[in-house]
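Following the working numbering, the numbering of the sequence shown begins with 64 at its first residue and continues without gaps.
Yeah, the Cβ is synthetic: ideal placement off N, Cα and C, and Gly gets one too.
Note that this is a predicted model, so its numbers are computed, not measured.
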Amino acid sequence: MLTYYDILEVHQGATYAEIKSSYRRLVKIYHPDVNPSALAAEKITQITNAYEVLSDPNARANYDWQISLGASDTSFTYQAPQPEPVVDEREQKRREYVKWRRKRDEELWQKRFHMKVMFYKYQRYFAYLFLLVGVIFTFDHYTHGDKQPIKIQRVILLKWGNTGVVVNGIRYETSGAMYREKAVQPDLSGYFYHSGVFGKNSQIGFANGGKYTIYGSLYQFGNLFAYLILIISAALIAVKKYNDFMLTIGLIPIFLTWFLMVFVLFT
64 MLTYYDILEV HQGATYAEIK SSYRRLVKIY HPDVNPSALA AEKITQITNA
114 YEVLSDPNAR ANYDWQISLG ASDTSFTYQA PQPEPVVDER EQKRREYVKW
164 RRKRDEELWQ KRFHMKVMFY KYQRYFAYLF LLVGVIFTFD HYTHGDKQPI
214 KIQRVILLKW GNTGVVVNGI RYETSGAMYR EKAVQPDLSG YFYHSGVFGK
264 NSQIGFANGG KYTIYGSLYQ FGNLFAYLIL IISAALIAVK KYNDFMLTIG
314 LIPIFLTWFL MVFVLFT
């Protein structure tokens, strides 16, 4: 027959910390917010009953005594031990406080866990929206809108080998390849190349030359942020069951979307 130790998957000499850790791990698997099956409901009841006994030192001592007599069947009705005569009032109060504190901590943990599970459900709903955001920014990156004619005033070599391009008194930084191209460019006319969706200046170049990504802008990082949003959002949609790791990385699309929207609106 299974004992409460078997149910919580710990050995009989386990410490309270080990019992609590195993209990919380099992709750994350069989909690009704995560696993609505009838089998899980029965399992979580057993887990809760086992934890209530094994987390109480007096109840656990009485249970261990019953096990020693061969009463390992968890279907029996648990009889709480009669309180021992108070020998040390201070020690008795300490035990009562420990019992109250453990019960309160688990109640708070249960509430936090429920909130995490509900938040994860909303994360998965919003993942479809974030997926759309990732698609839009990917399309913006890989397509091009119109190009704006410009008159390049100066082309200078900067530190680290990058190129400084001055247009209307504003210096833009780009690849060092543009500075090298300047040597074969008799004409300093050029273009700003706009992104496909938002129409932002994504590239710069000579009229008869190559296109160079403008540094210091979102486009310097390629499509990295949109790819992260797409991958994580797809993972959130695919992983239906709650887990702490997915809850944590599920925050990334929120912050990245906020960052990208700030870029679109204020740059």
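Comparing C-alpha distances from A289 to each of T320, K274 and M309 shows the shortest one belongs to T320.
The beta carbons of Y256 and K274 sit about 6 Å from each other, so the pair counts as a contact at 8 Å. Contact between M309 and Y183 is confirmed by a C-beta separation of about 7 Å, below the 8 Å threshold.
Taking C-beta atoms under 8 Å as the contact rule, G253 and F269 qualify, at a distance of about 5 Å. I233 is bridged by DSSP to V230. Separation of the CB atoms of V230 and I215 is rounded to 6 Å, and the pair is thereby assigned contact status at 8 Å.
In terms of Cα proximity to F193, the closest of V325, Y67, L71 and G313 is G313. Each residue's CA atom was taken as its position, placing S265 and K303 some 38 Å apart.
The Cβ atoms of Y67 and V116 lie closer than 9 Å to each other.
Around the beta carbon of D209, fewer than 16 other beta carbons sit within 10 angstroms, so the residue counts as exposed.
Restricted to the region 202 to 272, the beta strand (DSSP E) segments that are unbroken, complete and at least 3 residues in length are 207 to 220, 226 to 230, 233 to 237, 252 to 258 and 264 to 269, listed in chain order. In the DSSP assignment, L117 falls within the alpha helix (DSSP H) that extends over A101 to L117.
Taking H177 as the centre and dropping the five residues before and after it, the same chain places the C-beta of D96 closer than 7 Å to its C-beta, in chain order. Here the alpha carbon of K83 sits roughly 13 Å from the alpha carbon of R167. One alpha carbon belongs to N125, the other to V196, and they sit about 59 Å apart. Within the DSSP bridge table, the entry for T276 names Q266 as partners.
Just so you know, the alpha carbons of L132 and L89 end up roughly 28 Å apart. Here E152 is exposed. Its C-beta has fewer than 16 other C-beta atoms within 10 Å. Boundaries of the alpha helix (DSSP H) harbouring Y68: Y67 to L71, taken from the DSSP string.
The beta-carbon separation of T201 and N112, rounded to 52 Å, does not stay under the 8 Å limit for a contact. Take the alpha-carbon of A301 and the one of G232: they are about 50 Å apart. In the structure shown, the three-state DSSP call for P316 is helix.
Looking from the CA of V180, the closest CA among G76, L299, L328 and P316 belongs to L299.
The C-alpha of N225 is placed about 8 Å away from the C-alpha of Y242. Within a 10 Å sphere around the beta-carbon of T206 sit fewer than 16 other beta-carbons, which makes this residue exposed. As the crow flies, the alpha-carbon of I294 is around 12 Å from that of Y191. Put simply, of P316, Q283, Y86 and L328 the residue whose alpha carbon is nearest the alpha carbon of Q173 is Y86.
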